[in-house]
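Q: Quick note: the sequence shown uses the numbering used here, first residue 892, plus one each step. Virtual Cβ for every residue (Gly too), placed ideally from N, Cα, C.
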Amino acid sequence: MSAAEVACVVGACLGAGGGAAVMSWLLAAQVARRRRRAVAYGKGSGRGGQADGRADEHPLALRYAESLTRQLYSENAMPISPSVRSGKAADTRAGGWFSGRSRLAGCSKEVNAAGFVEARARFAMAGALAGGLLGTVLSTELGILLGLAGAAFGGSAPKRAVKAACRARTAEAERHLSEMLEVVALGLRSGLTFDRSFALYGSHFDNPFARSCARAYRSWSLGLVTREEALRELASSYGCDQLRRVVESVVRSLRFGSSLTDLLEESAAQARASYRTALEERVAKAPVKMMLPTGTLILPAMLLLVMGPILLELAGGFA
């Protein structure tokens, strides 16, 4: 390959990279502008921000899927995925997987299967383009390999975002469950009903779990669903087994009229102990996880630093 051809290839790669960077910047600016409008609307309507605060807590890939869902619904975006164009995104493997986990990720009302599948297709295309352009600078074969790797990495980004959102919501429920149970038990000991005690937590605490509890209380106080249905729906929207057990115990106690105060206080103590045990287990696993980067990055450098002079002396002696 001559110098002129190399210069043309490098120029094309730089131009394409610059165009991709500009498009990414425009997309980020558009998402930020829409977010500011949503926050301004929430403040103007007296809601103190967004309805539930979940939009800013989701990973970037999931927020992009939410934006695509709105654009596809309003027909402001041209889908590139064949299943989305044919209207069969929910029947695909990726769409079915997302439908089964959208509630646990807290995005069942913001993102549908079409938006998720379309986000996967676009991330895969962007990853293939970036990897292909980067590898083409060195060789065609490397460009093909990096393009395939980029497509696989980009296509899996929305799935990783959903899994991260599920883990984050589970950790959120485990962290604040004991707090909620103690507040409800305190309200019951003060002479309040269960409904008023449960509403007390949602109105005086500002976290995603408290906002979910407040929505559940509003749904049954307005008569949209029964109290048992609202509590079970709240438990099913989090991947926390202890929350499900507590809700079932509360539903049975409310149905048969048994005392709730001792049950809630005991459940709060168990939830606090379980969360502390989970944190201790996570801390204990940290040194084990650090062995991989230590062995692959630090240990070879130390061996070269220690054994390098000896190897050089041996090589000089043999020479």
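Please confirm whether D1153 has its beta-carbon closer than 9 angstroms to some beta-carbon of chain D.
A: The structure shown has no chain D; it contains just one protein chain.
Q: State the start and end residues of the unbroken alpha helix (DSSP H) segment that holds G1006.
A: Under the DSSP assignment, G1006 falls in the alpha helix (DSSP H) whose first and last residues are 1004-1027.
Q: Check this for me: beta carbons of L1037 and Y1129, under 9 angstroms apart or not?
A: no
Q: Starting from D1086, follow the alpha helix (DSSP H) in both directions and report where the run begins and ends.
A: 1085-1095
Q: Considering Cα atoms alone, identify which of G1026, E1119, S965, A1062 is closest to L1170.
A: A1062
Q: Check each candidate in W1111, F1089, P1049 and name the one with the smallest Cα separation from A1101.
A: F1089
Q: Could you give the residue range of the alpha helix (DSSP H) that holds P973?
A: DSSP places P973 in the uninterrupted alpha helix (DSSP H) bounded by 973-976.
Q: Looking at the structure shown, is S1128 part of a helix, part of a strand, or coil, going by DSSP?
A: coil
Q: Between the Cα of V1075 and those of G1006, A980, L959, T1152, spot the shortest distance and give me the residue it belongs to.
A: T1152
Q: With a CB to CB cut of under 7 angstroms and the five nearest residues on each side skipped, what residues in its chain are close to A956?
A: V1002, G1006, F1007, A1010, P1049
Q: Let me check understanding here. Comparing Cα to Cα, which of L1113, E966, S1150, C998 lies closest to T1084?
A: Closest by C-alpha distance to T1084, out of L1113, E966, S1150, C998, is S1150.
Q: Give the C-beta separation of L959 and A968 to the nearest angstrom, bearing in mind that I take them to be a contact with Cβ-Cβ under 8 angstroms.
A: 6 angstroms
Q: Work out the CA separation of M1193 and L1203 for me, nearest whole Å.
A: When rounded, the distance between both Cα atoms is 16 angstroms.
Q: So, with DSSP's three-state summary, where would you put V1074?
A: helix
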